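S.K.: Mind having a look at this structure? Questions to follow.
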Amino acid sequence: MSVPHAKLPAWAEYGLIPLVNLAVAFLISGLVVLIVGESPLEAAYHMINGAFGRGEYIGFTLYYTTTFIFTGLAVAVAFHAGLFNIGGEGQAYVGGIGVALACLALDRTLPWYLVFPIAILGAAFFGALWAMIPGWLQAKRGSHIVITTIMFNFIAASLMNYLLNKVFKPLGSMSLETRTFEAGGQLPKLDWLMSIFGLSVGNAPFNISFLLALVAAFGVWVLIWRTKLGYEMRTMGHSPAAARYAGIKEAKIIVITMMISGGLAGMMALNPIMGEQFRMQLEFVQGAGFVGIAVALMGRSHPAGIIPAALLFGMLYQGGAEISFEMPSISRDMIVIIQGLVILFAGALEHMFRPAITRLVIGLSPKTRDVAATKGA
Amino acid sequence: MDFFQVFIELAQSTVRLSTPLILAALAGLFTERAGVFDIGLEGKMLGAAFAAGCVAYITQSVYMGLLAAILVSVLLSLVHGYASITQRGSQIVSGVAINFVVAGSTVILGEAWFRQGGRTPALSESGRFGAIQLPFADAVRDVPILGQIYSGLLSGHSPLTYLAFLMVPASWWILYRTRFGLRLRAVGENPGAVDTAGISVIWLRYRAVICCGILCGIAGAYLSLSAGAGFTKGMTAGKGYIALAALIFAKWRPKNILFACLLFGFLDAFAIRYQGFAFPLIGKVPVQLMQALPYILTVILLAGFIGKAIPPKAGGVPYVKER
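Residue numbers (the numbering used here), protein chains in the order written: chain L, 177 to 553; chain E, 32 to 354.
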C-alpha cells in the first residue's frame, strides 16, 4: 500500500471525512428514493421542513435528539474501552423498569422534581445491571460481548413483554402498558427554552430530559478525557496488552465501562416514559438503541460529535415522519436504510475514502506536504 | 397412540422450523470458520426472502425465485466481504449495517412495487415449493409407528428442507475432507501461515463469504417460497440471530449445528403448540421464557458453564499482509 501515512489535520479528520461518508450515505439513500419513483430533492425539502419548519417540529426533532444523545453516548463510552455494546436497545428497555417503578410508586405523593432524580437513578441502575451481566461474562468467563449483548436484547424483549403482561398492566386493562402517571411522573416541557428563540413548542414532547442529556454528554467528556478511569478505559481500548502491562485491572474496567454504558442507555427511557407517554408501553425504545450505534460512529465517539450526530438523526426521525405524510411511498423505514448506510460508510467503510482525502489534503496544504516529505525521507 | 401422534406432529413442525436455522447456521459456519464474523445473517436472509417473493411472483417460477434469492444474498455477502476483507473495516459494524439497510429497503421497495403494506403478493402453487411425498408414503400411513414416522415425519417436506439436511454432511465433507475446506479452516485460525504457503487469504475469505451468501439465500427462499406464500415485512423475525446463536452453541461444528438447530426449532414448535401448558412439577411456563430460551442457553454456553465454545482464532481480525 502506497497510502501516505501522514496525520491528517483535525478539521479533515473530524470534519471532512465524516462529512464525505455521510454525503455518500445520503446519495445512495437518494438513489433508493429515485427507484421508488419520487424526487430526492422534494424528499429532502419535506425532510428539512418537517424537522425545522415550525417550533413544534423543532420540538419533536429535539425530543428525538435527546433519546439519541443518550444511546449514542452509551455506545461511545464502550467504544473507548474497545467494547462494542450492541445491547443499548435491551438496556434502554430494561432501564424503563426503573423509571416506571419510581413513577408508579411516587407520582401521587411527590412533585416531579423529586421523582425525577429517583427515576434517573432507577433508569441508570436497571440499565447498568442489564449491561453488567454481559460485561462480567466477558471479563470473567471470556464470552464475546457482541454476541452476549445481542442475546440480551432478545432476552430483554421477552422479559419486558412478560413484566408488562403480568406485573405492570393494571387489572382489567387490555393494552400492554402501565397506568398513566399522575403529575409527579410527568416531566415539564421546555417551552421556556423555545420561547427564548420566539418559538412555540406546541404539542411536541420536548422536555427537561434534554438538559439531562447535555449534562450527560459533558459528564462523558470529563470521564473519558479528564479522569483516571477514563484514561484507563482509553488505554485498554487502544492496546489491551499495554493496559495489562501498566497494571490496569482489565476485568474491573470492562465491568465498570459496561455499567456506565448501560446506565446511559437506560437513562434514555426517561424521555419517552416520563416526557412523552407518561406510562411505560410495549416497545417504547423503538430501535433507539441501534440508532445509538450510528450516532456514535458518526460522532467519532466524542460528545462534541455525538450531539450534532444525534441532532441529525433526530431530524431524520421527525422529518421522516413528515416525508411519509407528504409522500406515502416513502415510509419511515427510509430512516432505517439511511441509518444502515451511515453505519456502513461511517463505520465499516470509514477507511474507504481516507487515502484519496489524505492525498488531496496533503497536496493542497504546503505545510503538511513538507512534514510528510521529511517523514518519508 | 394419541401420544405418539402428538409426538409426530411436534417433530414435523420442529423439522419445518429448524430448516431455515440449519441453512443460515451453516452459512455462518463457512464465513466464521474463515475468520469473518457475520452478524448480518438476519439481513441476508431477509433480503433473499424478499427477492424470492418478488421474482417468484413476477416470473411465476419458483426456481427463478430461488436464483434471485441466492443472487441478492451473495451480493450482500460481497458488500460485507468488501467492507471487512478488502477495506479491513469492523466486521461487526458491517454486519449491523447490512441488517438495517435490508430491513428498511425490503419494506420501502415492497411497498413501492406492490403496495400491499410491505408484503409481496401471495404466490400461487407454481410459485412455491410444494411438499415432496416420498414413495409409498400413503400406502404405509396406517402401519403403526414405523409407517407413521415415515409418512408423517420423513415425508411431505419442502425440497429445501431435504436440501438443508443434506447440506449438513455436505458442509462437513467440504470443510473437513477437501483441500478448499482445509485452507478455509486454516485461514480462520492462522491466516499468516496460509499466506506463507502462497495461498491468497483475501480470495479464500471471499470464497467463504460467497458460500455463506448462497446458503443464506436458500434459507431466505425457504421462508417466502416454502414456509410462507410470499414475503411479509420482517419475516425473518430474529431467525438470523437464532442461527447465529445455534452456530455458537454448536461450537462451530457441522454435526452440532444440526442438533443445535433442531433443539432451537423444537423450542419454537413447543412454544407455539403449548402456550399456557401446565407442566408437571414446574407448572405453567410463561411463553416469553420459552421464546427467550435459545438466547439464554447460548449465553450460558458462551459463559463456559456447559462446555466451552472457542471461536476460530483469527475470527474478527482483518488480515494485513505486511505492516
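Ideal Cβ positions, reconstructed from N, Cα and C, are used throughout, including at glycine.
Every value quoted in this text rests on a predicted model; they were computed, and no experiment measured them.
On the criterion of 16 or more Cβ atoms from any shown chain inside 10 Å, does Gly539 (chain L) qualify as buried, or is it exposed?
M.R.: Counting from 1 along the first sequence, the entry for residue 539 (chain L) is found at position 363. Gly539 (chain L) is exposed by the Cβ-count criterion.
S.K.: Can you give me the C-alpha to C-alpha distance between Ala250 (chain E) and Leu54 (chain E), rounded to a whole angstrom?
M.R.: Position 219 of the second sequence, counted from the first residue, corresponds to residue 250 (chain E). Position 23 of the second sequence, counted from the first residue, corresponds to residue 54 (chain E). One C-alpha to the other measures close to 5 Å.
S.K.: 8 Å is my cut-off, CB to CB: does Arg535 (chain L) come that close to chain E?
M.R.: Counting from 1 along the first sequence, the entry for residue 535 (chain L) is found at position 359. Cβ-Cβ to chain E under 8 Å: no for Arg535 (chain L).
S.K.: Out of L:Ala257, L:Leu525 and L:Gly229, point me to the one whose CA is closest to Ser415 (chain L)'s CA.
M.R.: On the first sequence, position 239 is the one that residue 415 (chain L) refers to. The shortest C-alpha separation from Ser415 (chain L) is found at L:Ala257.
S.K.: Under 8 Å by Cβ, that's how I've got Ala522 (chain L) and Leu473 (chain L) pegged, so tell me the actual separation to the nearest angstrom.
M.R.: Locating residue 522 (chain L) in the first sequence gives position 346, counting from the first residue. Locating residue 473 (chain L) in the first sequence gives position 297, counting from the first residue. At roughly 5 Å, the Cβ-Cβ gap stays under 8 Å, so Ala522 (chain L) and Leu473 (chain L) are in contact.
S.K.: If you drop the 5 nearest sequence neighbours on each side, which residues of the same chain put their C-beta closer than 8 Å to that of Ile233 (chain E)?
M.R.: Mapped onto the second sequence, residue 233 (chain E) falls at position 202. Closer than 8 Å at the Cβ level, and outside the excluded window around Ile233 (chain E), lie Ile116, Thr117 and Tyr350.
S.K.: Which same chain residues end up closer than 8 Å to Arg64 (chain E) when comparing Cβ atoms and leaving out the 5 residues on each side of it in sequence?
M.R.: Locating residue 64 (chain E) in the second sequence gives position 33, counting from the first residue. Contacts found: Leu206, Leu215, Arg216, Gly219, Ala239, Trp283 and Pro343.
S.K.: Could you tell me whether the Cβ atoms of Ala300 (chain L) and Met443 (chain L) are closer together than 8 Å?
M.R.: Locating residue 300 (chain L) in the first sequence gives position 124, counting from the first residue. Locating residue 443 (chain L) in the first sequence gives position 267, counting from the first residue. Result yes, Cβ atoms of Ala300 (chain L) and Met443 (chain L) sit closer than 8 Å.
S.K.: Verify the CB distance criterion: does Tyr338 (chain L) have a CB-CB separation below 8 Å to chain E?
M.R.: Sequence index remark: in the first sequence, residue 338 (chain L) carries index 162 (1-based). With 8 Å as the cut-off, Tyr338 (chain L) counts as an interface residue toward chain E.
S.K.: Roughly how far, in whole angstroms, is the beta-carbon of Asp283 (chain L) from the beta-carbon of Phe382 (chain L), given that I think they are within contact range, below 8 Å?
M.R.: Locating residue 283 (chain L) in the first sequence gives position 107, counting from the first residue. Locating residue 382 (chain L) in the first sequence gives position 206, counting from the first residue. Not really, about 21 Å apart at Cβ, beyond 8 Å.
S.K.: Look at the alpha carbon of Pro531 (chain L) and the alpha carbon of Val537 (chain L), and state the distance between them as a whole number of angstroms.
M.R.: In the first sequence, counting from the first residue as 1, residue 531 (chain L) sits at position 355. In the first sequence, counting from the first residue as 1, residue 537 (chain L) sits at position 361. When rounded, the distance between both Cα atoms is 10 Å.
S.K.: Report yes if the C-beta distance between Arg150 (chain E) and Gly261 (chain E) is below 8 Å; otherwise report no.
M.R.: Here residue 150 (chain E) corresponds to residue number 119 of the second sequence, with the count starting at 1. Here residue 261 (chain E) corresponds to residue number 230 of the second sequence, with the count starting at 1. Yes, Cβ-Cβ distance for Arg150 (chain E) and Gly261 (chain E) is below 8 Å.
S.K.: Beta-carbon of Leu320 (chain E) versus every beta-carbon of chain L: anything under 8 Å?
M.R.: Numbered from its first residue, the second sequence carries residue 320 (chain E) at position 289. Yes, because at least one Cβ of chain L sits closer than 8 Å to the Cβ of Leu320 (chain E).
S.K.: Using a Cβ-Cβ cut-off of 7 Å (strictly less than) and excluding sequence neighbours within five positions of Leu517 (chain L), which residues of its own chain qualify?
M.R.: What you label residue 517 (chain L) is simply residue 341 of the first sequence in a count that begins at 1. If we look at Leu517 (chain L) and ignore the five residues flanking it on each side, its Cβ neighbours are Ala201, Ile204 and Ser205.
S.K.: Span of the alpha helix (DSSP H) holding Ala299 (chain L)?
M.R.: Taking the first residue of the first sequence as 1, we reach residue 299 (chain L) at position 123. Unbroken alpha helix (DSSP H) run through Ala299 (chain L): Trp288 to Arg317.
S.K.: What three-state label does DSSP hand Lys315 (chain E) in the structure shown?
M.R.: Indexing the second sequence from 1 puts residue 315 (chain E) at position 284. The answer is strand: DSSP assigns Lys315 (chain E) an E or B state.
S.K.: Give the DSSP-derived three-state secondary structure of His111 (chain E) in the structure shown.
M.R.: Position 80 of the second sequence, counted from the start, is the residue given in the question as residue 111 (chain E). Helix, per DSSP.
S.K.: In the DSSP assignment, find the alpha helix (DSSP H) that holds Gly248 (chain E) and state where it starts and stops.
M.R.: Translated into the one-based positions of the second sequence, residue 248 (chain E) becomes position 217. Gly248 (chain E) -> alpha helix (DSSP H) spans Val232 to Tyr253.
S.K.: With a CB to CB cut of under 8 Å and the five nearest residues on each side skipped, what residues in its chain are close to Gln164 (chain E)?
M.R.: For the purposes of this step, residue 164 (chain E) is taken as residue 133 along the second sequence, with counting starting at 1. Excluding sequence neighbours, Gln164 (chain E) sits near Ser186 and Gly187.
S.K.: Of the residues E:Gly141, E:Ala114 and E:Phe301, which one's Cα is nearest the Cα of Ala83 (chain E)?
M.R.: Position 52 of the second sequence, counted from the first residue, corresponds to residue 83 (chain E). Among E:Gly141, E:Ala114 and E:Phe301, the Cα nearest to that of Ala83 (chain E) is on E:Gly141.
S.K.: At least one CB of chain L closer than 8 Å to the CB of Gly251 (chain E): is that the case?
M.R.: As a first step, residue 251 (chain E) must be located in the second sequence, where it is residue number 220. So, not an interface residue.
S.K.: Comparing alpha-carbon positions, which option in E:Ile303, E:Met321, E:Phe280 and E:Gly296 lies nearest Tyr338 (chain L)?
M.R.: Position 162 of the first sequence, counted from the start, is the residue given in the question as residue 338 (chain L). Per the Cα distances, E:Met321.
S.K.: With 16 other CB atoms within 10 Å as the buried threshold, where does Phe336 (chain E) fall?
M.R.: For the purposes of this step, residue 336 (chain E) is taken as residue 305 along the second sequence, with counting starting at 1. So Phe336 (chain E) counts as exposed.
S.K.: Could you please tell me which residues of the stretch 248 to 264 of chain L, in chain order, have their CB closer than 8 Å to any CB of chain E?
M.R.: From the stretch 248 to 264 of chain L, only Phe260 and Ile262 have a Cβ closer than 8 Å to chain E.
S.K.: Find the residues of chain L that neighbour Thr227 (chain E), judging by a C-beta separation of less than 9 Å, and give them in chain order.
M.R.: Along the second sequence, one-based indexing puts residue 227 (chain E) at 196. Ordered by position in chain L, no residue passes the 9 Å Cβ test against Thr227 (chain E), which lies about 19 Å from the chain.
S.K.: Measuring only between beta-carbons, confirm whether Phe330 (chain L) sits less than 8 Å from chain E.
M.R.: On the first sequence, position 154 is the one that residue 330 (chain L) refers to. Yes, contact with chain E.
S.K.: Quick one: Cα of Val348 (chain E) to Cα of Phe302 (chain L), how far?
M.R.: Position 317 of the second sequence, counting from 1, holds the residue named residue 348 (chain E). Position 126 of the first sequence, counting from 1, holds the residue named residue 302 (chain L). Their backbone Cα atoms lie some 33 Å apart in a straight line.
S.K.: Find out if the Cβ-Cβ distance for the pair Leu328 (chain E), Phe297 (chain E) is shorter than 8 Å.
M.R.: Stepping through the second sequence from its first residue, residue 328 (chain E) is reached at position 297. Stepping through the second sequence from its first residue, residue 297 (chain E) is reached at position 266. It is not a contact, given that the beta carbons lie outside the stated cut-off.
S.K.: Less than 8 Å between the beta carbons of Gly66 (chain E) and Ala345 (chain E), yes or no?
M.R.: Counting from 1 along the second sequence, the entry for residue 66 (chain E) is found at position 35. Counting from 1 along the second sequence, the entry for residue 345 (chain E) is found at position 314. Their beta carbons are under 8 Å apart, which means Gly66 (chain E) touches Ala345 (chain E) by this criterion.
S.K.: Return the chain-ordered list of same chain residues with a C-beta closer than 7 Å to the C-beta of Gln43 (chain E), the five sequence neighbours on each side being excluded.
M.R.: Your numbering for residue 43 (chain E) matches position 12 in the second sequence. Cβ neighbours of Gln43 (chain E) beyond the five flanking positions: Gly183 and Leu184.
S.K.: Tell me which residues share the same chain as Val133 (chain E) and place their Cβ nearer than 6 Å to its Cβ, disregarding the 5 neighbours each side in the sequence.
M.R.: Here residue 133 (chain E) refers to the residue found at position 102 of the second sequence. Closer than 6 Å at Cβ, skipping near neighbours: Gly74, Leu77 and Gly78.
S.K.: Using the Cβ count rule (16 or more neighbours within 10 Å means buried), how would you classify His527 (chain L)?
M.R.: The count along the first sequence starts at 1 and reaches residue 527 (chain L) at position 351. Label assigned to His527 (chain L): exposed.
S.K.: If Thr241 (chain L) and Ala486 (chain L) are in contact, beta carbons under 8 Å, what's the gap, nearest whole angstrom?
M.R.: Mapped onto the first sequence, residue 241 (chain L) falls at position 65. Mapped onto the first sequence, residue 486 (chain L) falls at position 310. Yes, Thr241 (chain L) and Ala486 (chain L) are in contact; Cβ-Cβ is about 5 Å, under 8 Å.
S.K.: For Ile424 (chain L), I'd like the list of residues in its chain whose CB is within less than 8 Å of its CB, leaving aside the five on either flank, ordered along the chain.
M.R.: Taking the first residue of the first sequence as position 1, residue 424 (chain L) is located at position 248. Once the five neighbours on either side are set aside, the close Cβ partners of Ile424 (chain L) are Glu408, Thr411 and Met412.
S.K.: Identify whether Asn337 (chain L) lies in helix, strand or coil by the three-state DSSP scheme.
M.R.: Locating residue 337 (chain L) in the first sequence gives position 161, counting from the first residue. Three-state DSSP puts Asn337 (chain L) in a helix.
S.K.: So what does DSSP say about Asn383 (chain L), is it helix, strand or coil?
M.R.: Indexing the first sequence from 1 puts residue 383 (chain L) at position 207. Three-state DSSP puts Asn383 (chain L) in a strand.
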